[in-house]
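Reading through the structure tokens given below for one structure.
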Amino acid sequence: MIHIDDIKNVEKDSILLLAYNADYLAREAAKEAFIHHIKYDSLCQGQPVARYYHLHKNVWDTLTYEFNHSPLPHFYSSDFENIMQAISITQHLEGDIVEIGTFQGSSARAMLNFIHRSAINKKCYFCDTFEGFTYEEAQDSIDLRWANTHTETSLQRVQEYLSAYSNFTLHKANIITDNLPESISKICLANIDVDMYEAVKAALYKVKDKVVKNGIIIAEDYGHTPSLTGAQKAVEEFLEENPSCFMPLYMGLSGQMFLIKL
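Per UniProt numbering: the sequence shown = residues 1 to 262.
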């Protein structure tokens with residue numbers, strides 16, 4: 001077994017067998033083999049489908065770190081890898097990154113971690129009640145299951161959890177009745193993860209006109225049914241009410257819906 005850096009020393013009539021757990025490593029090995037005219041093949045045959053985190057080192061490293069170091073129960077690699085993909089896609093667009101529905105900060109810290117590793121220059125806003133679904137609209141919602149849930153959080157707790165980073169602002173608000181901070185004029189990426197029908201619908205409209213062309217809204221809860229059917233209903237209504245404004249792209253593995261601004 002040899003390291004990528006040692007491929008240049010392999011005899012030219014040898015065959016290099018690639019054994020790896022991430023595609024970005026295989027690409028580097030194949031690149032080096034090509035430079036030195038060494039034939040190669042994969043030790044593992046077949047054509048399994050690579051996940052996004054297999055393709056990009058910073059995504060792999062971020063997920064590995066968060067899995068090993070997060071004390072929070074909410075770790076969803078498929079959700080997080082798609083958020084990181086959206087960050088990569090939109091990094092050169094104008095505008096900030098906004099998350100509505102931060103809860104305990106698990107996805108927020110993964111986002112900040114990835115942004116830091118990738119040297120992306122973006123400000124992040126994380127918006128939540130930081131008290132759970134205790135507000136009046138949640139008590140009266142047609143989406144019965146959410147009232148008085150998600151109370152295991154606070155603004156101070158999330159601030160401490162994200163304290164390794166500085167490029168963010170926490171904004172305490174009820175997205176149904178309150179506005180986004182005035183400092184947010186343009187949005188390149190919005191991650192909406194507020195579960196409840198009325199909150200999802202309100203959040204979509206709060207970010208709609210601020211999202212720049214080719215920017216992305218992630219409707220986090222779209223395919224998390226049947227529990228989050230209300231969120232799916234909100235997204236479908238939003239698309240019907242705003243035809244030709246967004247291109248929907250369903251992420252089947254995670255249940256997220258990407259809405260790409262046209």
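All C-beta atoms in this analysis are idealised placements derived from N, C-alpha and C, irrespective of residue type, glycine included.
Could you pull the DSSP bridge partners for residue i from this structure?
| i | result |
| --- | --- |
| H171 | C127 |
| V98 | Y125 and A190 |
| R257 | It is worth fixing the name first, because residue 257 is Met in this sequence and not Arg. M257 pairs with A219 and Y250. |
| I15 | K39 |
| V211 | I187 |
Could you check which residue in the options has the C-alpha nearest to that of residue i?
| i | options | result |
| --- | --- | --- |
| Q85 | G105, S118 and S185 | S118 |
| C188 | L262, N21 and H56 | L262 |
| T62 | E137, A110 and F133 | A110 |
| K201 | G230, G215 and D209 | G230 |
| Q232 | E160, Y197, E240 and N214 | Y197 |
| D96 | F103, I120, G105 and N113 | I120 |
| S42 | Y52, L16, Y53 and A50 | L16 |
| E160 | Q256, P243, G252 and S70 | S70 |
| L204 | E236, E81 and L253 | E236 |
| P226 | G255, T151 and S154 | G255 |
| F114 | V211, L239 and Y53 | Y53 |
| G33 | K8, G101 and V49 | This sequence places Ala at residue 33; Gly is not what is there. Among K8, G101 and V49, the Cα nearest to that of A33 is on K8. |
| K208 | D195, C245 and A234 | C245 |
Classify residue i: buried if its beta carbon has 16 or more other beta carbons within 10 angstroms, exposed otherwise.
| i | result |
| --- | --- |
| E66 | buried |
| K12 | exposed |
| H56 | buried |
| Q104 | buried |
| K122 | buried |
| C44 | exposed |
- Would you call the region 165 to 173 and the region 137 to 147 touching, i.e. three or more CB-CB distances under 8 Å? A contact is defined here as three or more CB-CB pairs under 8 Å, and the region 165 to 173 fails this definition with respect to the region 137 to 147.
Open item on the list: Three or more C-beta pairs under 8 Å: does that hold for the region 5 to 23 against the region 61 to 76?
Closed with: no
If you scan the region 54 to 103 from start to end, which runs of the alpha helix (DSSP H) of 4 or more residues do you find wholly inside it?
57 to 69 and 77 to 90
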